[in-house]
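As you go down the protein sequences, you meet chains P, E and D in turn.
The C-terminal position of the first sequence is numbered 80 in numbering that gives the first Met the number 0, with every residue numbered one higher than the one before it.
The C-terminal position of the second sequence is numbered 417 in numbering that gives the first Met the number 0, with every residue numbered one higher than the one before it.
The C-terminal position of the third sequence is numbered 977 in numbering that gives the first Met the number 0, with every residue numbered one higher than the one before it.
For reference, the structure discussed in these notes is given below.
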Amino acid sequence: MLLITCPYCGPRAGAEFTFERPIESIVPLDATPEAATERLYTRDNIKGPSWELWRHAYGCRAWVKVLRDTGTHEVIEVGLA
Amino acid sequence: MKRYSALNLFRGGLEGHKSWPRAWRAPEPKPHYDVIIVGGGGHGLATAYYLAKVHGVKNVAVLERSWIGGGNIGRNTTIVRSNYRLPELQALLELSLKLWEGLSDELNYNLMFSQRGALFLGHSDSDMTRLAERGDSLRCNGIDAELMTREEVGKLIPALDLSPAARFPVYGGLIQRRGGTARHDAVAWGYARAADALGVDVIQNCEVTGLDIVGGKVVGVETTKGRIGADRVGLCATGGSTKLAAMADLKLPIECHNLQAFVSEPIKPMIDTVIMSQSIHCYISQSDKGEIVLGGDPDLYPTYAQRGMPLRIEEVAAQAIALVPALSRLRMLRSWAGTTDMSFDGSPIIGTTPVDELYLNAGWCYGGFKACPGSGWLYAHALAKGEAHPVAAPFSLDRFAAGALIDEAGVGPMPHHR
Amino acid sequence: MTRRLPHAGLIDQDQPIRFTFDGKPYTGYAGDTLASALMAQGVKVFGRSFKYHRPRGLLSAGAEEPNALLSVGEDGRFEPNCRATDVLIYDGLIAQSQNRWPSLKLDVGAVNQLIGRFIPAGFYYKTFFGGPRLWMLYEHFIRRAAGLGAAPTAPEQDAFEHRAAFCDVLVIGAGPAGLAAAQAAATAGVRVMLVEQDILLGGSLLTDGADIDGAPDTAWAEAVEANVIAAGGRVLTRATAYGFWDHGLVTVAERLAEAGEAPGACGLVQRIWRVRAGRVVLATGAIERPLLFSGNDRPGVMLSSAVRTYVKRYAVLPGQRTVVATCTDDAYLTALAIHEAGGEVVAVLDARSEAEATSAIVTRAKAVLPVLFDAKSVKALGGTSVNGLEASVGGAARTFACDLIAVSGGFTPVTHLHMQAGGGLSFDNATGAFIPAAPRQNQISAGAAAGRDGLGQSLTDGWLAGLKAAHEVGVKGDPGKAPIGETADHASRAGQAYEPAPGVYLKTAFVDYQNDVTAADVDLAWREGYRSVEHLKRYTTLGMATDQGKTSNLIGLARLAKAEGRPMPEVGLTTFRPPYTPVTLGALAGEAVGHHVAPTRHLPLHAMHAALKPIWQPSGYWTRPRAFPVGGETLMEAALREARAVRNLVGMTDVSTLAKFEIAGPDAAAFLERICATTVAKLALGRGRYTFMLREDGLVIDDGTVWRLGDQRYLLTSSTGGADRMIAHLSYVRRILTPELKLSVANVQEHWAGAAVAGPLSKAVLAEALGGEPPRHMSVADGVIAGVPVKVLAASYSGERAFEVYAVSTEMTPVWAALTERVQAKGGALYGLEALELLRIEKGHIEVGAEIDGRRTPADLGLTKMLNPKGGYVGAPALQRPAFSAPGRLTVVGLTSDEPIPEGAMLIADGGGAPVGHVSSAGLRLTSDGSVALGLLKDGAARLGETLLASSPTRGRSARVTVASPHFYDPAGERYRD
């Protein structure tokens with residue numbers, strides 16, 4: 000189980016967090032239809048470090064962005080979203 | 000190929016089984032094939048078989064970067080059924096189920112396909128209505144489905160907790176009697192052997208490292224065994240779809256997630272039916288070896304690690320014990336995990352890509368095993384004819400941009416909401 | 000003949016313990032395992048193998064045991080497949096053998112041996128053809144023959160627990176290396192957790208003993224334990240670390256009661272620890288390998304180190320006349336131990352040449368025992384147990400009479416946890432096994448687990464590992480001095496002997512004992528092309544038995560590598576995954592049993608409702624009243640009465656579960672117009688409207704209402720079923736998509752409880768309760784009821800005039816009571832979810848879960864006109880996709896009929912054919928005869944007036960229905976408009 004360092008709470012068990020979405024999939028409210036489709040329906044989906052949006056849902060509820068390696072699960076960087 | 004039969008097995012016993020040939024050859028790649036299938040899993044091998052058998056296209060290579068059957072074909076929970084809700088998926092999986100029914104004999108490889116029933120439990124009146132709706136849809140589309148009362152369910156699976164005070168009380172269920180299980184490894188080996196016997200080259204330890212695209216058309220692949228030319232290339236490698244498509248500058252509606260499953264130590268027969276639930280996401284069956292096979296929800300974040308959280312295993316254990324209390328003192332013997340290609344409506348992608356002669360079969364989420372024969376058959380059709388069979392047509396890559404989603408669970412594009 | 004040795008070993012021969020095995024009474028001693036106790040009383044055959052039903056005896060003394068599987072306990076404590084080597088006996092223990100009928104001695108299944116040559120590995124793939132039905136007939140018998148222990152039938156009787164633990168350094172294994180590591184780290188000031196699968200600390204010291212720092216090893220182990228505890232750490236025994244997960248998380252299964260044993264006062268039989276460690280030291284030891292020869296599975300063939308453990312720790316001599324067959328020096332310790340205990344060592348057969356075996360222990364043994372070199376075992380002789388061994392000594396055939404063959408094929412470091420943690424392996428030729436190489440999570444392997452050889456190396460290695468771990472967690476205290484161990488004899492464990500002697504009959508040279516996989520099977524698999532180690536495992540089932548290949552994996556790999564003509568490391572190993580040893584499912588579930596498997600959410604007024612004995616309905620995790628039957632009413636009778644009460648008089652229902660949000664700030668309206676697909680900003684103060692929300696892909700996800708409470712304050716309500724989703728969604732939009740807006744969002748779902756009062760008399764009820772005029776339709780007002788501040792929203796879900804009354808949930812009781820009294824005084828009734836459904840269906844309101852099924856666009860649901868023309872809301876960009884306006888979409892329609900309409904039924908057109916839709920919500924006309932329903936129908940808008948068949952083959956019901964507008968009841972809304 001992952002250990003994620005919440006900027007407010009420090010290192011906490013991954014079970015306290017919810018994975019929300021890859022950063023690349025965020026659709027701005029003013030996106031064009033093409034951009035929305037691109038962001039919703041395609042992914043880089045790489046095996047390696049990628050930026051993700053997580054939430055410390057069962058802790059302080061902060062939204063955090065996490066650079067995590069999808070091959071090794073190493074959590075490289077965590078910051079407030 | 001030497002025919003498998005009781006008689007030949009007997010003869011083999013008399014001579015120490017020395018003359019069984021290799022189940023499939025180990026050929027070196029030829030310089031060119033009519034069709035190259037990238038990925039030697041259940042779907043890829045099935046595709047090769049049907050290309051040769053149904054369409055007479057035999058100049059085919061299956062390129063597998065490791066050993067065949069090492070992917071999800073060897074990691075699933077072996078459940079076969081076609082009792083989905085949406086008609087497009089019903090048609091796809093029923094085509095597959097019908098192929099399952101004759102497959103062992105056709106391949107001359109015992110897949111141990113056992114139609115012992117796939118049962119969805121309902122835990123409330125509302126569940127039962129949803130199950131009835133699913134069953135009605137199936138029956139009206141010519142697929143078997145029967146509602147069962149609590150008593151009938153109890154007779155079928157005496158080990159279930161039927162007491163009304165249970166956390167998930169059993170109200171009844173919906174059963175597909177033609178559903179069941181099969182020996183997953185045997186599917187890969189069986190298709191490989193049969194395809195090989197028809198002249199298909201199954202080439203292991205051959206990883207595709209590049210796609211050779213000229214003027215918008217694929218003409219070959221680069222591999223760890225050198226360049227191989229092809230008239231047509233079909234990508235068919237769960238876990239590798241994104242990387243392979245990227246070689247053609249394509250970005251796919253696929254996100255890789257992890258699904259865990261585990262088995263108990265083997266015990267004498269306890270559960271004869273495949274148990275699933277309308278509201279809790281654990282599934283339970285018992286293999287022919289006697290191991291109880293358990294699975295549940297995927298881990299919730301993208302990963303290629305084929306490794307998950309202990310929490311998921313614990314959840315499945317708790318839910319399984321809630322349904323079948325006598326499981327409590329059995330022990331988890333072996334756990335494993337696989338990478339699932341999650342598509343953004345939960346349904347697979349079969350058909351053409353924007354690159355000429357490059358085809359794609361991907362996005363099976365966690366429902367790929369049951370579809371092996373059907374997927375292979377339909378993909379072979381596409382690769383042979385250059386266009387999707389009507390049953391495969393709804394599962395096109397461009398359906399996402401068009402909004403023609405086939406979303407069985409109705410949860411939208413986020414894979415971790417499935 | 001086996002016999003108990005008079006010296007104590009580590010068992011207490013003054014504490015007899017009585018137990019039964021297959022109905023016969025036996026006596027053992029405190030400290031005995033089932034294995035040692037039964038062995039001491041002469042039991043040789045402990046089980047039958049999976050396929051051939053060959054008699055099997057003990058191979059080992061530890062967790063690697065593949066043969067001696069017994070069922071222990073009864074009823075809710077019945078545990079099948081227990082390794083006899085891993086069960087400590089207790090008074091009253093009941094054990095039974097498995098996989099045999101009618102008895103262990105005379106097992107009908109043994110007939111399989113007669114046809115053994117016809118049923119090699121994988122034979123079942125080559126036969127049983129003839130279609131699924133025929134296969135299922137064969138399968139019936141195969142399944143009955145398969146499996147080992149009996150399936151349990153009784154539910155769990157005891158309890159399990161999960162605990163979390165945090166430590167700086169986790170040391171796994173309390174043998175010499177682990178104890179030394181724990182000592183170093185604890186002395187340096189680190190909080191250490193030391194876990195050991197045995198009941199005693201010491202590992203190999205428990206067999207071989209030593210003086211450590213001048214004192215007996217038992218005293219040293221005790222001192223280390225005290226040291227660890229004094230430094231704030233924890234020591235667990237009977238605790239197996241079975242999983243090494245991400246980021247230093249290790250799961251440990253601790254046994255608090257033995258298999259089948261009643262728990263102590265705490266009621267717990269097992270506990271799972273989730274340990275998050277700064278560093279992990281893996282001191283997990285090494286497991287001995289058997290040798291390949293014909294009949295190597297006969298009872299009486301045992302691992303040499305196990306024989307020594309039985310002699311020295313358990314005070315049992317497993318045989319009177321022993322042959323020791325070895326390729327290591329370590330087995331010489333066994334030979335000498337047997338000799339010193341008074342047993343006869345018939346011969347030591349060393350596979351090495353005399354020139355290779357020159358160490359001191361060999362020299363010492365040669366002086367007192369018959370030692371032969373270039374000696375390889377060929378065939379074990381005997382029926383249900385060994386009575387001799389044929390060997391090849393220097394090329395010449397010799398036979399030895401014996402009743403025990405102690406084998407040593409080398410030692411395999413236990414690297415499972417290292418691999419689970421993502422560590423790599425490298426191959427060590429001296430040991431013929433893989434040892435840990437690059438760690439990925441900074442785990443540190445030490446001692447035999449790291450390929451070290453001998454007590455001195457293990458102590459030093461462990462001590463250094465503990466020190467390293469301490470430094471890496473930032474503790475720089477003085478670790479004291481490294482322990483110095485002295486053993487009477489040092490014996491190396493190096494050696495490998497994978498190649499069987501020429502002349503070995505491979506069909507009975509077993510590799511995997513439990514699954515009956517022989518060397519011939521490995522060869523057959525290779526011949527047939529199953530050449531990766533994964534193929535080998537899956538085709539032959541080698542390594543897939545309950546011992547998980549601990550004694551067989553490498554032997555199989557070696558044989559495969561030889562067939563391939565490639566070195567072992569090139570062929571590779573299968574991936575090790577949790578669990579290291581099998582873990583009880585009940586332990587994995589922990590406290591999540593019974594009603595704790597999933598939470599149940601109660602309404603704030605649950606107790607008040609419960610007093611009326613309603614029929615309850617689960618609604619997600621909520622439990623809500625479905626109906627309040629009186630006087631023996633059925634569910635339907637009650638629901639109809641309640642619904643008609645609402646239509647004709649007044650009714651009241653609990654609506655507390657609705658999702659509710661208070662949104663305040665200068666940009667509150669702007670924010671709401673991002674969430675909701677309708678306009679919001681135009682709402683006047685005190686007014687409300689219906690609204691709906693889209694998912695990002697443009698499909699309708701939820702609906703509800705929005706109310707303007709103040710100049711910059713709004714209340715948003717939405718469905719119960721979508722509440723959790725909506726909470727997350729609002730947070731996402733607020734924090735990620737609109738961080739620049741100025742507002743705050745408060746989730747008040749559980750903060751406010753709510754009652755809906757609906758019916759023609761609802762206005763009168765509210766007026767009395769409020770002491771003033773209630774708000775007009777689609778307005779909100781504050782008030783006081785029974786002294787409690789309330790908010791009253793005038794909205795109708797039922798189709799009658801209605802009010803939703805909200806108060807802080809802890810203050811709701813008097814409000815509810817005041818309203819109920821007035822409702823009942825007017826002849827009205829409480830109503831539940833069933834009546835609510837009937838009312839809203841007759842009114843034609845769509846609902847989340849039924850019509851809003853996650854696949855519908857606003858147009859499908861007839862909501863296009865309500866879309867905010869400005870756009871800018873979640874889902875707007877994705878709405879333009881072509882398939883959303885294509886013909887053939889399922890759209891909402893009403894359905895009417897004279898017959899009851901089955902909910903969920905398929906809609907079939909008059910010409911027959913595939914379904915063109917389905918009944919999404921089925922109801923009744925409440926104030927006249929007939930049925931109404933909502934449905935989803937392809938091109939529904941174009942089919943008004945068409946007749947269809949609503950068909951439910953699974954329920955044997957159908958109804959002829961007519962497509963109509965869903966506004967069956969009071970389409971103009973006159974019942975509630977002002």
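Glycine included, each C-beta is placed from N, C-alpha and C at the ideal position.
Taking D/Glu695 as the query, report the chain P residues whose CB atoms sit under 8 Å from its CB, ordered along the chain.
Translated into positions along the third sequence, residue 695 of chain D becomes position 696. Simply Val26, Ala35 and Leu39.
Just by C-beta distance, which residues in the region 381-412 of chain E are closer than 8 Å to chain D?
Result list: Arg398, Ala400, Ala401, Gly402, Ala403, Leu404, Asp406, Ala408, Gly409, Val410, Gly411 and Pro412.
Span of the alpha helix (DSSP H) around D/Ala757:
On the third sequence, residue 757 of chain D is found 758 positions in, with the first residue counted as 1. Counted as a single uninterrupted DSSP element, the stretch harbouring D/Ala757 is not any alpha helix (DSSP H) but the beta strand (DSSP E) occupying residues Trp751 to Ala757.
Rounding to the nearest angstrom, what Cα-Cα distance links D/Ala183 and D/Asp696 in this structure?
Your numbering for residue 183 of chain D matches position 184 in the third sequence. Your numbering for residue 696 of chain D matches position 697 in the third sequence. One C-alpha to the other measures close to 59 Å.
Name the DSSP bridge partner or partners of D/Ala958?
As a working mapping, residue 958 of chain D is identified with position 959 in the third sequence. Partner residues in the beta bridge of D/Ala958, as assigned by DSSP, are D/Ala949.
Using the Cα positions of E/Gly228 and E/Tyr32, report the straight-line distance between them to the nearest angstrom.
As a first step, residue 228 of chain E must be located in the second sequence, where it is residue number 229. As a first step, residue 32 of chain E must be located in the second sequence, where it is residue number 33. Cα to Cα, E/Gly228 sits roughly 6 Å from E/Tyr32.
If you run the structure through DSSP and keep just helix, strand and coil, what is D/Phe140?
Within the third sequence, the letter at position 141 stands for residue 140 of chain D. Note: D/Phe140 maps to helix in three-state DSSP.
Provide the residue(s) that pair with D/Thr398 in DSSP beta bridges, ordered along the chain.
Numbered from its first residue, the third sequence carries residue 398 of chain D at position 399. For D/Thr398, the beta-bridge partners assigned by DSSP are D/Glu389.
Chain D beta carbons: is any one of them nearer than 8 Å to that of P/Trp62?
For the purposes of this step, residue 62 of chain P is taken as residue 63 along the first sequence, with counting starting at 1. Answer yes: the Cβ-Cβ gap between P/Trp62 and chain D drops below 8 Å somewhere.
So with CB distances below 7 Å, who are the chain P contacts of D/Trp272?
By 1-based counting over the third sequence, the position of residue 272 of chain D is 273. Within 7 Å Cβ-Cβ: nothing; D/Trp272 doesn't reach chain P, min ~13 Å.
Around the C-beta of E/Trp188, are 16 or more other C-beta atoms found within 10 angstroms, so that it is buried, or is it exposed?
Reading the second sequence from its first residue, position 189 is the one you call residue 188 of chain E. Counting Cβ neighbours within 10 Å, E/Trp188 comes out buried, since at least 16 surround it.
Start-to-end residues for the beta strand (DSSP E) that takes in D/Cys851:
Taking the first residue of the third sequence as position 1, residue 851 of chain D is located at position 852. It is Ile, not Cys, that sits at residue 851 of chain D in the sequence shown. From DSSP, D/Ile851 is part of no beta strand (DSSP E); its letter is neither H nor E.
Could you check how far apart the C-beta atoms of E/Gln203 and E/Glu313 are, in whole angstroms? I think they sit under 8 Å.
Translated into the one-based positions of the second sequence, residue 203 of chain E becomes position 204. Translated into the one-based positions of the second sequence, residue 313 of chain E becomes position 314. The Cβ separation is near 37 Å, so there is no contact.
Cβ separation of D/Asp77 and D/Pro151, assumed to be a contact under 8 Å, to the nearest whole Å
Here the question's residue 77 of chain D lines up with position 78 in the third sequence. Here the question's residue 151 of chain D lines up with position 152 in the third sequence. Asp is not the amino acid found at residue 77 of chain D; the sequence shown has Phe there. Their Cβ separation, rounded to whole angstroms, is 5 Å, which keeps D/Phe77 and D/Pro151 in contact under 8 Å.
By alpha-carbon positions, which one of E/Leu326, E/His280 and E/Gln305 ends up nearest to D/Ala597?
The residue you call residue 597 of chain D lines up with position 598 of the third sequence. From the listed residues E/Leu326, E/His280 and E/Gln305, the smallest Cα separation to D/Ala597 is found for E/His280.
For chain P, find out if any of its Cβ atoms is closer than 8 Å to the Cβ of D/Gln319; answer yes or no.
Indexing the third sequence from 1 puts residue 319 of chain D at position 320. Not one chain P Cβ lies under 8 Å of D/Gln319.
With distances taken between CB atoms, is the gap from D/His854 to E/Asp406 smaller than 8 Å?
As a working note, residue 854 of chain D is residue 855 in the third sequence. As a working note, residue 406 of chain E is residue 407 in the second sequence. According to the sequence shown, residue 854 of chain D is Arg rather than His. Going by C-beta atoms, D/Arg854 is nearer than 8 Å to E/Asp406.
Measure how close the beta-carbons of D/Gly299 and D/Ile404 come, nearest whole angstrom, since I'm counting them as under 8 Å.
Residue mapping note: residue 299 of chain D aligns to position 300 of the third sequence, counting from 1. Residue mapping note: residue 404 of chain D aligns to position 405 of the third sequence, counting from 1. With a Cβ gap of about 6 Å, D/Gly299 and D/Ile404 count as contacting.
Hey, D/Leu894 and D/Val918 are a contact pair by Cβ (cut 8 Å); roughly how many whole angstroms apart?
What you label residue 894 of chain D is simply residue 895 of the third sequence in a count that begins at 1. What you label residue 918 of chain D is simply residue 919 of the third sequence in a count that begins at 1. With a Cβ gap of about 7 Å, D/Leu894 and D/Val918 count as contacting.
Select from E/His183, E/Arg166, E/His16 and E/Lys224 the residue whose C-alpha is nearest the C-alpha of E/Pro26.
As a working note, residue 26 of chain E is residue 27 in the second sequence. Comparing Cα positions, the closest option is E/Lys224.
So P/Ala14 contacts chain E; which residues on that side make the cut at Cβ distance below 8 Å?
Position 15 of the first sequence holds residue 14 of chain P. Near P/Ala14 (Cβ distances below 8 Å), the residues of chain E are Met308 and Leu310.
The beta strand (DSSP E) with E/Cys139 in it runs from where to where?
Within the second sequence, numbered from 1, the residue matching residue 139 of chain E stands at position 140. Run containing E/Cys139: none in the beta strand (DSSP E); it sits in the alpha helix (DSSP H), Asp124 to Cys139.
Give me, in chain order, the residues of the same chain whose beta-carbon lies closer than 7 Å to that of E/Trp19; leave out the 5 immediate sequence neighbours on both sides.
Numbered from 1 along the second sequence, position 20 holds the residue referred to as residue 19 of chain E. So the qualifying residues of the chain are Lys1 and Gly11.
Considering only residues of the same chain and omitting the five flanking positions on each side of E/Pro252, which have a CB-CB separation below 6 Å?
Here residue 252 of chain E corresponds to residue number 253 of the second sequence, with the count starting at 1. Closer than 6 Å at the Cβ level, and outside the excluded window around E/Pro252, lie Ser342, Phe343 and Phe399.
Tell me whether P/Glu23 sits in a helix, a strand or coil according to DSSP, three-state version.
Counting from one through the first sequence, the residue named residue 23 of chain P turns up at place 24. Helix, per DSSP.
Going by Cα to Cα distance, which pick from D/Leu829, D/Leu837, D/Gly826 and D/Gly172 is closest to D/Ser797?
Sequence index remark: in the third sequence, residue 797 of chain D carries index 798 (1-based). The residue with the shortest Cα to Cα distance from D/Ser797 is D/Leu837.
Taking all protein chains shown into account, decide if D/Met991 is buried (16 or more other Cβ within 10 angstroms of its Cβ) or exposed.
There is simply no residue 991 of chain D to check, as chain D begins at 0 and stops at 977 in what is shown.
Should D/Gly232 and D/Gly202 be called a contact, given that it needs their Cβ atoms to be closer than 8 Å?
Position 233 of the third sequence, counted from the start, is the residue given in the question as residue 232 of chain D. Position 203 of the third sequence, counted from the start, is the residue given in the question as residue 202 of chain D. Inclusion of D/Gly232 and D/Gly202 in the CB contact set at 8 Å is not warranted, their separation being larger than that value.
Shorter than 8 Å from the beta carbon of P/Arg42 to some beta carbon of chain E?
As a working mapping, residue 42 of chain P is identified with position 43 in the first sequence. P/Arg42 counts as touching chain E.
Whole-angstrom C-beta distance between E/Gly375 and E/Ala45, which should lie under 8 Å
What you label residue 45 of chain E is simply residue 46 of the second sequence in a count that begins at 1. What you label residue 375 of chain E is simply residue 376 of the second sequence in a count that begins at 1. With 8 Å as the limit, E/Ala45 and E/Gly375 qualify as a contact, their Cβ atoms being about 2 Å apart.
With distances taken between CB atoms, is the gap from D/Ala209 to D/His6 smaller than 8 Å?
For the purposes of this step, residue 209 of chain D is taken as residue 210 along the third sequence, with counting starting at 1. For the purposes of this step, residue 6 of chain D is taken as residue 7 along the third sequence, with counting starting at 1. Cβ atoms of D/Ala209 and D/His6: not closer than 8 Å.
Nearest-angstrom Cα separation, counted from D/Ala745 out to D/Glu810
Locating residue 810 of chain D in the third sequence gives position 811, where the first residue counts as 1. Locating residue 745 of chain D in the third sequence gives position 746, where the first residue counts as 1. If you take the alpha carbons of D/Glu810 and D/Ala745, they lie about 19 Å apart.
Measuring CA to CA, which of E/Asp135, E/Thr148, E/Ser81 and E/Ala144 is closest to D/Pro914?
For this step, residue 914 of chain D is matched to residue 915 along the third sequence. Ranking the options by Cα distance to D/Pro914, first place goes to E/Asp135.
Simplified DSSP state of E/Asp195, which is helix, strand or coil:
Residue mapping note: residue 195 of chain E aligns to position 196 of the second sequence, counting from 1. E/Asp195: helix per DSSP, three-state reduction.
For a contact meaning CB atoms closer than 7 Å, what does D/Tyr731 contact in chain P?
In the third sequence, counting from the first residue as 1, residue 731 of chain D sits at position 732. Those within 7 Å of D/Tyr731 in chain P are Glu19.
Just checking my contact of E/Gln89 with E/Asn140 at CB under 8 Å: how many whole Å lie between their CB atoms?
Your numbering for residue 89 of chain E matches position 90 in the second sequence. Your numbering for residue 140 of chain E matches position 141 in the second sequence. Yes, they are in contact, since the Cβ atoms of E/Gln89 and E/Asn140 sit about 5 Å apart, within 8 Å.
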